[in-house]
Amino acid sequence: MKRLLGKRAFVTGGRQGIGRAIVEAFLAEGAEVETCGRGAAPEDLPCPWHSLDVSDGTAVEAVAEAFGEIDILVNNAGIQVEKTVIESTDADWDLVVGTNARGVFNSCRAFLPRMRRGGSIVNLGSISGQLADPSMALYCASKAFVHALTRSIAVDHGPDIRCNAICPGWIETGMLEAGFALAKDPARAMEDARARHATGRFGRPEDIAAMAVFLASDEAAFATGQLFTIDGGLTAASPLNPGLF
Amino acid sequence: MRLEGKIAFVTGGRGGIGRAVVARFLREGAVVYAADLSEAGSLDRHDADGSRFLRLDVSDEAECIAAMAQVRAESGHLDILVNAAGIEIEKTIEETSLDEWNRSFAVNVTGTFLTSKHALPLLRAAAAEGPSASIVNFGSYDGFIADPGLASYCATKGAVHALTRAMACDHGPEGIRVNAICPGYIDTPMLQSFFTGEGSGAGGKSIGDLQQAVRDVHPLRSYGTPEDIANLVTWLASDEARYASGQLWVLDGGLSAQVQQMKV
Numbered sequence: 416m417k418r419l420l421g422k423r424a425f426v427t428g429g430r431q432g433i434g435r436a437i438v439e440a441f442l443a444e445g446a447e448v449e450t451c452g453r454g455a456a457p458e459d460l461p462c463p464w465h466s467l468d469v470s471d472g473t474a475v476e477a478v479a480e481a482f483g484e485i486d487i488l489v490n491n492a493g494i495q496v497e498k499t500v501i502e503s504t505d506a507d508w509d510l511v512v513g514t515n516a517r518g519v520f521n522s523c524r525a526f527l528p529r530m531r532r533g534g535s536i537v538n539l540g541s542i543s544g545q546l547a548d549p550s551m552a553l554y555c556a557s558k559a560f561v562h563a564l565t566r567s568i569a570v571d572h573g574p575d576i577r578c579n580a581i582c583p584g585w586i587e588t589g590m591l592e593a594g595f596a597l598a599k600d601p602a603r604a605m606e607d608a609r610a611r612h613a614t615g616r617f618g619r620p621e622d623i624a625a626m627a628v629f630l631a632s633d634e635a636a637f638a639t640g641q642l643f644t645i646d647g648g649l650t651a652a653s654p655l656n657p658g659l660f
Numbered sequence: 680m681r682l683e684g685k686i687a688f689v690t691g692g693r694g695g696i697g698r699a700v701v702a703r704f705l706r707e708g709a710v711v712y713a714a715d716l717s718e719a720g721s722l723d724r725h726d727a728d729g730s731r732f733l734r735l736d737v738s739d740e741a742e743c744i745a746a747m748a749q750v751r752a753e754s755g756h757l758d759i760l761v762n763a764a765g766i767e768i769e770k771t772i773e774e775t776s777l778d779e780w781n782r783s784f785a786v787n788v789t790g791t792f793l794t795s796k797h798a799l800p801l802l803r804a805a806a807a808e809g810p811s812a813s814i815v816n817f818g819s820y821d822g823f824i825a826d827p828g829l830a831s832y833c834a835t836k837g838a839v840h841a842l843t844r845a846m847a848c849d850h851g852p853e854g855i856r857v858n859a860i861c862p863g864y865i866d867t868p869m870l871q872s873f874f875t876g877e878g879s880g881a882g883g884k885s886i887g888d889l890q891q892a893v894r895d896v897h898p899l900r901s902y903g904t905p906e907d908i909a910n911l912v913t914w915l916a917s918d919e920a921r922y923a924s925g926q927l928w929v930l931d932g933g934l935s936a937q938v939q940q941m942k943v
């Protein structure tokens, strides 16, 4: 039995990485899915595409209107700029906060009135919204915004709508590689980081998609307002490398 | 002086952190009972410091009752109780014997329960006179996130955190504040044992290298001193903290504020 049969889902940022894995998992579970991103549709995309920058509220509203009734909204689109506060420019602020914070707000505001009873919003927060990664100041702060907005939406729009956030840890995506590129010795840094995971590996986009399916499905009917961390045990451990002991 | 005239009782009062708390309380003008298993506690020796020593095993209810009876007879009430006595078994659950598990809970959790339980009438008496009475428990950052090979210790500290909130909830209306301090890496005999102990598996690394590696992973690039902890205990014990209750106060040099350190 497919778990999302008959449900209409919209996933932001479905071109690649976690968003793409969520699109594919939703399709496999029987949902009707559309996705969006900046620029043209990727060639092999198995669902309709909207060329959309989520930081543009008017454009988001137009897409929501075209999409119509909705059951599942996944706010996955996100941008990471690897800088400290003093290195960050106004343009960095507009880019990161515009996409990660305002973008989530834009799409929630546009899609919520069109959401059917029992609808589910799944936001992508981050472990970095709770604990800081070095040189990710605006990114960390923007994800904390997502966590708090998640709780507000759950409180304001229950019982008809549920809203949760997934907080991924280190997932094998382009973003992860960009993070390691900051290290003096990326290969060693990657080994060091891997050793800190109780699971002995980094996450895969499918690991996050699996939680997104659960939260989108009626199985999660009592789950709302929560942050679900999927990080291979990384933040359950002290930041000391267990390899030292 | 911030604790002038106050009566304080510190368990583990001759150990690493407890001893620093006792010394600071004395400087701040308190009358201090230092309770521990022996005069020298976990350190090699002890020089007279003006504290009143009480031999006490916090896991023994009769001894806790007797200790509080002595405080009542001598001082009439108690303003501050600091539950700093604690032990750490450096093992995974598979390596931990039932006796070790029970001993961890007996000292770290039951000890906090017993001293608090039997100090309550004395704390109530103090709260009736002054702004509030204060209990300061010792949790740990390990009660939130795990260090490897410290399973029973992590579990007991998580229990202390929950007990702290429960006590704050139950006894706040009586004017008794209850908080826990959650230290990170503090330079104490317990930490040195963690570095050198069988479970630490320094794996060819010298202790010095290991200590440096641990310092380097802290945003502040050092581990803390018992005096750092005593500073916060003093504040929580003082009337300045009269609105602070039911909270877990992490003091760890920023260690647990971060996800990950890329040092290479």
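Just so you know, the protein sequences line up as chains C and F, in that order. Position in the first sequence (from 1) plus 415 gives the number in my numbering. Position in the second sequence (from 1) plus 679 gives the number in my numbering. The beta carbon of each residue, even a glycine, is placed where N, CA and C say it ideally should be. Since we're looking at a predicted model, the values are computed, not measured.
Check: Among the residues of its own chain, which have a CB less than 6 Å from the CB of Q495 of chain C, if the five just before and after it don't count?
Finding: On the first sequence, residue 495 of chain C is found 80 positions in, with the first residue counted as 1. Excluding residues within five positions, the ones whose Cβ falls inside 6 Å are Y554, M590.
Next item on the list: Flag D826 of chain F as yes if its beta-carbon sits less than 8 Å from any beta-carbon of chain C, otherwise no.
Entry: For the purposes of this step, residue 826 of chain F is taken as the residue at position 147 of the second sequence. Yes, its Cβ sits closer than 8 Å to a Cβ of chain C.
Checklist line | Euclidean distance between Cα positions of L930 of chain F and N491 of chain C | finding: Start at 1 with the first residue of the second sequence, and residue 930 of chain F comes out as number 251. Start at 1 with the first residue of the first sequence, and residue 491 of chain C comes out as number 76. L930 of chain F and N491 of chain C have their C-alpha atoms spaced approximately 35 Å apart.
Item checked: 8 Å Cβ cut-off: residues of chain F touching P583 of chain C -> Taking the first residue of the first sequence as 1, we reach residue 583 of chain C at position 168. Result: empty, since nearest Cβ-Cβ is about 12 Å, beyond 8 Å.
Next item on the list: Could you confirm whether any beta carbon from chain C is found closer than 8 Å to the beta carbon of L934 of chain F?
Entry: Here the question's residue 934 of chain F lines up with position 255 in the second sequence. So yes, L934 of chain F belongs to the interface.
Item checked: Three-state secondary structure assigned by DSSP to W508 of chain C -> Counting from one through the first sequence, the residue named residue 508 of chain C turns up at place 93. Looking at W508 of chain C - three-state DSSP - the assignment turns out to be helix.
Notebook entry, point to check: How far does the beta strand (DSSP E) with R731 of chain F in it reach, from first residue to last?
Noted result: Here residue 731 of chain F corresponds to residue number 52 of the second sequence, with the count starting at 1. Its beta strand (DSSP E) spans residues 731-734.
Check: In whole angstroms, what is the alpha-carbon distance linking G880 of chain F and D821 of chain F?
Finding: The sequence position of residue 880 of chain F within the second sequence is 201, counting from 1. The sequence position of residue 821 of chain F within the second sequence is 142, counting from 1. Bear in mind that the predicted position of G880 of chain F carries a pLDDT of just 48, short of 50, making it too unreliable to give a figure here.
Note to self: Using the Cβ count rule (16 or more neighbours within 10 Å means buried), how would you classify C950 of chain F?
What the structure shows: Look at the range of chain F in this structure, 680 to 943, and you will see that residue 950 of chain F is not part of it.
Next item on the list: Please determine, among F:S935, F:C848, F:R724, F:I860, the residue with the shortest C-alpha to C-alpha distance to A547 of chain C.
Entry: Numbered from its first residue, the first sequence carries residue 547 of chain C at position 132. Taking the Cα of A547 of chain C as reference, the smallest distance to any Cα among F:S935, F:C848, F:R724, F:I860 is reached at F:S935.
Notebook entry, point to check: How is F520 of chain C classed by DSSP in three states: helix, strand or coil?
Noted result: The count along the first sequence starts at 1 and reaches residue 520 of chain C at position 105. Judged by DSSP in its simplified three-state form, F520 of chain C adopts helix.
Margin query: Only counting the same chain, and skipping five residues up and downstream in sequence, which positions put a Cβ closer than 7 Å to that of G483 of chain C?
Written below: Indexing the first sequence from 1 puts residue 483 of chain C at position 68. If we look at G483 of chain C and ignore the five residues flanking it on each side, its Cβ neighbours are R529.
Notebook entry, point to check: First and last residue of the beta strand (DSSP E) that includes S655 of chain F?
Noted result: Nothing in the structure corresponds to residue 655 of chain F, since chain F is present only between 680 and 943.
Margin query: I'd like the ranges of any alpha helix (DSSP H) spanning at least 4 consecutive residues and lying wholly in the stretch 602-641 of chain C.
Written below: The DSSP assignment places 620-631 as complete runs of the alpha helix (DSSP H) inside the stretch 602-641 of chain C, in order along the chain (cut-off: 4 residues).
Check: At which residue ranges does the stretch 788-865 of chain F contain complete alpha helix (DSSP H) runs of 4 or more residues, listed in the order of the chain?
Finding: Runs found: 790-808, 830-850.
Next item on the list: From the DSSP output, in three-state form, read off T644 of chain C for me.
Entry: As a working mapping, residue 644 of chain C is identified with position 229 in the first sequence. Note: T644 of chain C maps to strand in three-state DSSP.
Next item on the list: Enumerate in chain order the residues of its own chain whose CB-to-CB distance from F520 of chain C is below 7 Å, with the five nearest sequence positions on each side excluded.
Entry: Numbered from 1 along the first sequence, position 105 holds the residue referred to as residue 520 of chain C. Counting only Cβ-Cβ distances below 7 Å, and skipping sequence neighbours, we find L564.
Next item on the list: Taking I542 of chain C as the query, report the chain F residues whose CB atoms sit under 7 Å from its CB, ordered along the chain.
Entry: On the first sequence, position 127 is the one that residue 542 of chain C refers to. Ordered by position in chain F, the residues that pass the 7 Å Cβ test against I542 of chain C are V938.
Margin query: Rounded to the nearest angstrom, what separates G428 of chain C and F617 of chain C at their Cα positions?
Written below: Mapped onto the first sequence, residue 428 of chain C falls at position 13. Mapped onto the first sequence, residue 617 of chain C falls at position 202. Those two C-alpha atoms are separated by around 21 Å.
Note to self: I'd like to know if the stretch 692-707 of chain F and the stretch 600-613 of chain C are in contact, where contact means that at least 3 CB-CB pairs between them fall below 8 Å.
What the structure shows: Judged by Cβ distances under 8 Å, the stretch 692-707 of chain F makes no contact with the stretch 600-613 of chain C, as fewer than three pairs qualify.
Notebook entry, point to check: What separation, rounded to the nearest whole angstrom, lies between the Cα atoms of E906 of chain F and R703 of chain F?
Noted result: Locating residue 906 of chain F in the second sequence gives position 227, where the first residue counts as 1. Locating residue 703 of chain F in the second sequence gives position 24, where the first residue counts as 1. C-alpha separation (whole angstroms): 8 Å.
Item checked: Nearest to G432 of chain C (by Cα), restricted to the options C:A624, C:P463, C:A569 -> Numbered from its first residue, the first sequence carries residue 432 of chain C at position 17. Comparing Cα-Cα distances from G432 of chain C to each of C:A624, C:P463, C:A569, the minimum goes to C:A624.
Next item on the list: Take the Cβ of Y864 of chain F as the centre, count every other Cβ of all protein chains shown within 10 Å, and call the residue buried at 16 or more, exposed below.
Entry: Residue numbering aside, residue 864 of chain F sits at position 185 when the second sequence is read from its first letter. The residue is buried, with at least 16 neighbouring Cβ atoms inside 10 Å.
Item checked: Residues within the stretch 630-653 of chain C neighbouring chain F, beta-carbon criterion of under 8 Å -> Going along the stretch 630-653 of chain C in chain order, one finds L649, T650, A651, A652, S653 with a Cβ nearer than 8 Å to chain F.
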